[in-house]
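The sequence shown lines up with residues 62 to 571 when you count with our numbering.
Structure record follows, encoded as structure tokens.
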Amino acid sequence: MASTITTTTNGATAANHAAAANVSGRDHVVIFPFMAKGHTLPLLHFATALTAHHKTLRVTVLTTPANRAFAAGRLPPSVSLVELPFPSLLPPLPAGVESTDALPCPSLYPTFLRTTALLREPFAEYLASLPSPPLAVVSDFFLGFTRAAAADAGVRRVVFHGMSCFSMAVCKALIVNNPPDAAAGGGDTPFRVPGMPEHVGITVDEVPDALVKFADAEDPVTRFLVDDVGFSDVLSWGVLVNSFAALDESYVAPLESFYQVPGSRAWLVGPLFLAAAGDTSELEEEEQEHDPDGCLAWLDDAQPGSVVYVSFGTQAHISDAQLDEITHGLVQSGHRFLWAVRSDTWTPPADVGPNNGRIVRGWVPQRRVLAHEAVGGFVSHCGWNSVMESLAAGKPMLAWPMIAEQHLNARHVANILGAGVRIDTKPGGMAAAGEVVGRAEVEEKVRELMDAGGEAGREMRARAAWARREAMSAVSEGGASRVALRELVDELQRTYGESVTSSLTKGKCS
Ligand code: UDP
62 MASTITTTTN GATAANHAAA ANVSGRDHVV IFPFMAKGHT LPLLHFATAL TAHHKTLRVT
122 VLTTPANRAF AAGRLPPSVS LVELPFPSLL PPLPAGVEST DALPCPSLYP TFLRTTALLR
182 EPFAEYLASL PSPPLAVVSD FFLGFTRAAA ADAGVRRVVF HGMSCFSMAV CKALIVNNPP
242 DAAAGGGDTP FRVPGMPEHV GITVDEVPDA LVKFADAEDP VTRFLVDDVG FSDVLSWGVL
302 VNSFAALDES YVAPLESFYQ VPGSRAWLVG PLFLAAAGDT SELEEEEQEH DPDGCLAWLD
362 DAQPGSVVYV SFGTQAHISD AQLDEITHGL VQSGHRFLWA VRSDTWTPPA DVGPNNGRIV
422 RGWVPQRRVL AHEAVGGFVS HCGWNSVMES LAAGKPMLAW PMIAEQHLNA RHVANILGAG
482 VRIDTKPGGM AAAGEVVGRA EVEEKVRELM DAGGEAGREM RARAAWARRE AMSAVSEGGA
542 SRVALRELVD ELQRTYGESV TSSLTKGKCS
């Protein structure tokens, strides 16, 4: 495929960018996020953190035309943006759909994944156009082709998954050691995960769907994970993790044990949105986020701790029947609520009666909403960014996981950390056909989440407050995440120019 790379800058002039490109690659980091909001945002924050704390580094973020505005609006002028053409070879992906949240239906997800793999050629062309190899390519796990393409250009790849060490280590362990057979029963009895610390027990119901299907060679996502992603991942030079040591350090060694490049490390540099704030106030950075529905002004009128914030992220498709039950449950709980709804077609049931809730459909400035004193708890699907943001704000969660590794995140937050309660869902959660959690359970669990007076509520809040203190401390001067970020750059620069293995070696695919 002939491709056109458009080099644009995010505020700096094109001439500046060209001049900068002639400087040694040792000071240049290339970041390539996957085209899903939950994967892109933390890498934009990483780019910002790098320029904030390492002023001599030049950082380039790779994007595609339809994703450019989203990235540009969230990066400082010092970060360059390079646009690669989004491949258009795979109908029936509609033109202009370049991000998973824009997919009209979940069944197009495998096609989307395969299409992104066609970015290999423009990516290799971009690397070849640079005067010298950059210090590293930091790229998403799903962009598996970046490892070999970078290696061909003599560049190390640092992989980013968007997941915690806990969830990544469990997933990898379960690929190598099959989980117990769900058909044999015991779906909700925890089992030990080989290689994980003793306190970790997970249930069959929490095993991510992709792992349940892992033995199915015909499953298109499995094929993609095995053929395009798995080997590239474990052959990466290192792993960038959006988490912090106090929360995740027990799982670092189990995770690192799966990586095959000698000395490869997991670098815990999060929460990345806090790291990106640098020495300026976190909220100053957040001011840049839009609030088209006026959520923050609405929260200003509410009593401290009185509002439950509800969001299921940018990926999950939720049935209208379930959305109806959630509405009734929230209203019956008697609490004020602010609910970010993804569906454009659902309308709230007419018979809910008077209530103090607010439903919004546009972009919600979630981090600022969570940090607002009016918010007392978060009903969340437990996407890892949402978990980081809730903990960094010291807010407990009602964990309602749906897809991917979200059930593992729910276990981590609610059962292990103790900063939340859980909705009882089956694998696939609301995504599973026909499964609807009733209004009575929603009401009961929301009351439990928002009950700050009882012993359980106080304990949950104390755990969330502890996580907030640790998150803030991790990104402050001398904190574990700040130190890890410096060590990552130092180690890459110290070893710049050392040979990079370009061919895949036989190994575990995990
Ligand atoms: N987000 C936001 N406003 C929105 C929708 C999403 O700020 O209206 C952000 C949210 O704060 C989080 C990310 O998008 O940083 C979603 O990532 P997460 O891992 O929580 O869930 P996913 O969408 O990947 O399932």
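All residues carry an ideal CB built from backbone N, CA and C; glycine is no exception.
Outcome for residue i when other beta-carbon atoms lying within 10 angstroms are tallied against a minimum of 16
{"i": "Thr406", "result": "exposed"}
{"i": "Val254", "result": "buried"}
{"i": "Gly558", "result": "exposed"}
{"i": "Pro410", "result": "exposed"}
{"i": "Val237", "result": "exposed"}
{"i": "Ser190", "result": "exposed"}
{"i": "Asp578", "result": "A question about residue 578 goes unanswered here, because the residues of the chain that appear run from 62 up to 571."}
{"i": "Arg555", "result": "exposed"}
{"i": "Cys166", "result": "exposed"}
{"i": "Ser318", "result": "exposed"}
{"i": "Thr250", "result": "exposed"}
{"i": "Glu538", "result": "exposed"}
{"i": "Gly499", "result": "exposed"}
{"i": "Asn476", "result": "buried"}
{"i": "Arg530", "result": "exposed"}
{"i": "Ser394", "result": "buried"}
{"i": "Arg218", "result": "buried"}
{"i": "Lys456", "result": "buried"}
Simplified DSSP state of residue i, which is helix, strand or coil
{"i": "Ser571", "result": "Caution is warranted here: a pLDDT of 42 is assigned to Ser571, below 50, making its placement in the model unreliable, and no coordinate value can be reported."}
{"i": "Glu279", "result": "coil"}
{"i": "Ile420", "result": "strand"}
{"i": "Arg483", "result": "strand"}
{"i": "Arg119", "result": "strand"}
{"i": "Gly86", "result": "helix"}
{"i": "Met521", "result": "helix"}
{"i": "Leu553", "result": "helix"}
{"i": "Ser441", "result": "strand"}
{"i": "Tyr187", "result": "helix"}
{"i": "Gly490", "result": "At Gly490 the pLDDT is 47, less than 50, meaning the model places this residue with poor confidence; the figure from the coordinates comes in the next sentence. Helix at Gly490."}
{"i": "Trp400", "result": "strand"}
{"i": "Phe305", "result": "coil"}
{"i": "Tyr320", "result": "coil"}
{"i": "Ile236", "result": "helix"}
{"i": "Arg175", "result": "helix"}
{"i": "Met257", "result": "coil"}
Cβ separation of residue i and residue j, assumed to be a contact under 8 Å, to the nearest whole Å
{"i": "His389", "j": "Val413", "result": "6 Å"}
{"i": "Ile387", "j": "Val503", "result": "6 Å"}
{"i": "Gly418", "j": "Leu391", "result": "6 Å"}
{"i": "His396", "j": "Val430", "result": "About 15 Å; that fails the 8 Å criterion."}
{"i": "Met96", "j": "Ser160", "result": "5 Å"}
{"i": "Trp298", "j": "Val322", "result": "6 Å"}
Ligand 1 heavy atom lying under 8 Å from the CB of residue i
{"i": "Lys98", "result": "yes"}
{"i": "Ser304", "result": "no"}
{"i": "Trp359", "result": "no"}
{"i": "Thr406", "result": "no"}
{"i": "Arg428", "result": "yes"}
{"i": "Glu450", "result": "yes"}
{"i": "Ala382", "result": "no"}
{"i": "His442", "result": "yes"}
{"i": "Val268", "result": "no"}
{"i": "Val122", "result": "no"}
{"i": "Ala401", "result": "yes"}
{"i": "Phe223", "result": "It is Gly, not Phe, that sits at residue 223 in the sequence shown. Yes, the beta carbon of Gly223 sits closer than 8 Å to at least one heavy atom of ligand 1."}
{"i": "Ala377", "result": "yes"}
{"i": "Ser372", "result": "yes"}
{"i": "Gly499", "result": "no"}
{"i": "Trp461", "result": "no"}
{"i": "Ser628", "result": "An answer regarding residue 628 cannot be provided, because it is not within the stretch 62 to 571 covered by the chain."}
{"i": "Trp328", "result": "no"}
{"i": "Ser160", "result": "no"}
{"i": "Ser447", "result": "yes"}
{"i": "Trp424", "result": "yes"}
Test item: CB-CB of residue i and residue j under 9 Å
{"i": "Gly518", "j": "Glu509", "result": "yes"}
{"i": "Val91", "j": "Leu123", "result": "yes"}
{"i": "Leu329", "j": "Leu452", "result": "no"}
{"i": "Cys443", "j": "Pro462", "result": "yes"}
{"i": "Val550", "j": "Leu105", "result": "no"}
{"i": "Asn303", "j": "Phe107", "result": "yes"}
{"i": "Asp354", "j": "Arg403", "result": "no"}
{"i": "Leu145", "j": "Phe184", "result": "yes"}
{"i": "Gly374", "j": "Gly99", "result": "yes"}
{"i": "Arg483", "j": "Ala513", "result": "no"}
Cβ of residue i within 9 Å of any chain C Cβ
{"i": "Glu466", "result": "Within the model displayed, chain C is absent; a lone protein chain is all it includes."}
heavy atom of ligand 3 below 8 Å from residue i C-beta
{"i": "Leu102", "result": "With respect to small molecules bound, the structure shown includes ligand 1 and not ligand 3."}
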